[in-house]
Amino acid sequence: MIRLPGMGAARVAELVAAAPAWPDGWLARLSPAAASMLRLWLDHPARSPLSREIEADLAWLAESDQRQLLHPGHPAWPALLNQIGDPPPVLWALGDLDALQPPGLAIVGSRRPTREGLINAAAFGRELAGCSWSVVSGMALGVDGAAQQAALEAGGRSVAVLGCGVDVIYPPRHARLYHQLIECGGLILSEHLPGTRARAGYFPRRNRIVTGLALGVLVVEAAEKSGSLVSARLAVEQNREVFVLPGSIHNTQARGCLDLIRQGAVLVRQIDDIFAELKQWEASRQPVAGVPSASAESGDPLLRWLNDSPSPLDALVSLTGLAVPECQRRLLELELEGLVAQAPGGWVRLPTNAMTC
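According to the working numbering, the sequence shown is numbered sequentially starting from 7.
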């Protein structure tokens, strides 16, 4: 149906929800152009251009076992999507469908986050991976991508929902993350046909799938007017939990988060705050053997005190209780691991950028 003229994902979903009789009920509800094309395909499939398009879709799916077309009734169809008001009629999938098996948390936030925002997004992504949870997001620049990449680098799962076809890399700057999702056990989903280019109008509807696939949404950084706040509103409408990292009152990228907290969202300081609210899913929180989690890092006496603001050596010695030589040695080790760096005024914590499976 989505191949018919004027039949985007939203229109198809609307008709599916109405459940008209096939084919007469559908023909009666379609536009004249769409009805004419469908009638030609039903009566004379060999003469219909729709047949060629359907054959091209089937050929695309047959090229790889990593390509799937999910629909209600498919064994891998996410049951959580049946709970939302306007589920997608189908989902094109590229990657590993097993990424849909673990419980998921959506992580969203600013496309222009502070360094601290990137660090926090990556930390929670690694933590969820270490607990056998999946990170769901939209592969956007900033917070979304940082959380998803960190989850994959920690050996975990991540699901990306795109506002374009699954074979279109958007944003182009996330080409590495796109390929990492496919190669490292992640999954890319879209309700749009392969080859569909990104459009501004697709992203708000994409967000309903991101939140719909997850048990809750964590907002890391968000300005007063941002797509992340749209995701938070969608999560509330879908009866999902909304979690928010607080930020400084002087940080414009945190003002949306502070507003959400005032409206009743759950203030989060660490991963345990999330699981405290999702108590019925506590049993699914299983450590992954051999996978370091963010909780292990946060237990490091130095990393606990490092963030976006430079901390001088003497302050770190005082805060951690380490001797100066031990503090210097550990900082060097962390620097070699790519977790910290020297900056004017002291040491700062860095987000993880390495690409591994």
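By construction, the Cβ of each residue, glycine as well, lies at the ideal position given by its N, Cα and C atoms.
All of these numbers come straight from a predicted model, not from anything done at the bench.
In this structure, the CA atom of Cys263 is about 52 angstroms from the CA atom of Ser54.
For Ile277, the enclosing alpha helix (DSSP H) has its first and last residue at Ile277 to Glu283. With a contact defined as Cβ atoms closer than 8 angstroms, Ala206 and Val225 miss out at about 21 angstroms. Here DSSP, grouped into helix, strand and coil, assigns Arg73 to strand.
In terms of CA proximity to Gly162, Glu189 leads the group His180, Ala34 and Glu189. In this chain, Leu21 is not harboured by any beta strand (DSSP E); it is covered by the alpha helix (DSSP H) spanning Ala15 to Ala24. In the structure shown, Leu100 falls within a strand segment according to DSSP collapsed to helix, strand and coil. Separation of Leu309 and Asp63 (C-alpha to C-alpha, rounded to the nearest whole angstrom) is 49 angstroms. Look at Glu227 here: in three-state DSSP terms it is coil, with no helix or strand label. DSSP places Glu247 in the strand class (E or B) of the three-state scheme. In this structure, the beta-carbon distance from Asn213 to Leu183 does not fall below 8 angstroms. The beta carbons of Val346 and Arg355 sit closer together than 8 angstroms. Burial check for Gln74: the Cβ neighbour count within 10 Å reaches 16 or more, so the residue is buried. Distance from the CA atom of Gly327 to the CA atom of Ala349, rounded to whole angstroms, is 22 angstroms. About 6 angstroms separates the beta carbon of Gln244 from that of Thr217, a gap short enough to meet the 8 angstroms contact definition. For Ser42, the uninterrupted alpha helix (DSSP H) run begins and ends at Pro38 to Asp49, by DSSP. Per DSSP, the unbroken beta strand (DSSP E) holding Arg163 starts and ends at Arg163 to Val167. In the structure shown, Val141 adopts extended strand secondary structure according to DSSP, grouped into three states.
The beta carbons of Val274 and Val236 sit no closer together than 8 angstroms.
Around the beta carbon of Pro331, a 10 Å sphere encloses fewer than 16 other beta carbons of the protein chains shown; the residue is thus reported as exposed. The C-beta of Ser70 has fewer than 16 other C-beta atoms within 10 Å across all chains shown, which makes the residue exposed. Around Ile194, the same chain offers Leu100, Gly101, Ala166, Val172 and Leu187 as residues with beta carbons nearer than 6 angstroms, after the five sequence neighbours per side are excluded. The Cβ-Cβ distance between Met43 and Pro84 does not fall below 8 angstroms. Counting along the chain, Ala271 sits inside no beta strand (DSSP E), nor does DSSP assign it H or E at all. DSSP places Trp287 outside any beta strand (DSSP E), giving it a letter other than H or E. Closest by C-alpha distance to Gly344, out of Cys333, Pro178, Gly233 and Ile125, is Ile125.
Within a 10 Å sphere around the beta-carbon of Ala129 sit 16 or more other beta-carbons, which makes this residue buried. CA-CA distance, Ser164 to Arg121, rounds to 22 angstroms. One alpha carbon belongs to Gly169, the other to Pro316, and they sit about 38 angstroms apart. Around the CB of Asp320, fewer than 16 other CB atoms lie within 10 Å, so the residue is classed as exposed. Of the other Cβ atoms in all chains shown, 16 or more fall within 10 Å of the Cβ of Ile267; this residue is therefore buried.
Nearest in C-alpha terms to His180, of all of Glu197, Leu87 and Gln154, is Gln154. Bounds of any alpha helix (DSSP H) do not take in Val354; it lies within the beta strand (DSSP E) bounded by Gly352 to Arg355. Straight-line measurement puts the Cα of Leu76 at about 24 angstroms from the Cα of Pro177.
A residue is called buried once 16 or more other Cβ atoms fall within 10 Å of its Cβ, and Asp30, having fewer, is exposed.
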